[in-house]
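Notes follow the structure.
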Amino acid sequence: MSIIYTPLPIEIVLEGIDKQGPEYQEIEVGGAKLLVEQQNMDSCRVVRLISTDPMDYLRDEFQPGTELKFIPRFNQGEV
Numbered sequence: 014m015s016i017i018y019t020p021l022p023i024e025i026v027l028e029g030i031d032k033q034g035p036e037y038q039e040i041e042v043g044g045a046k047l048l049v050e051q052q053n054m055d056s057c058r059v060v061r062l063i064s065t066d067p068m069d070y071l072r073d074e075f076q077p078g079t080e081l082k083f084i085p086r087f088n089q090g091e092v
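Note that the sequence shown ends on residue 92 in my numbering; no numbers are left out.
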């Protein structure tokens, strides 16, 4: 249990506490891991790049805020 010391009314302090924040998922693109927030069924927005390769941080498509499109790919022989 926490005690909150504030001069603001409790309604303002607790406003939006029941709302959920964005849901993130980790995907792998071109050998680099990205933390993304899904925008809609076929696109997502890059939130964070997780990589040990310094060159990945120079790639424009991996910069935070960049929108990526999902393109479904199917392996041959799989149903």
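Where a beta carbon is used, it is the ideal one built from N, C-alpha and C, also for glycine.
I16, DSSP secondary structure in three states: Note: I16 maps to coil in three-state DSSP.
7 Å Cβ cutoff met for P35 and E24: It is not a contact, given that the beta carbons lie outside the stated cut-off.
Whether L48 touches R61 by CB criterion (7 Å): Contact flag set, yes.
Buried/exposed call for V26, threshold 16 Cβ in 10 Å: Classification of V26: exposed, given that the 10 Å Cβ count is below 16.
Assigned exposure category for F87 - 16 Cβ within 10 Å defines buried: Exposed: under 16 other Cβ atoms inside 10 Å.
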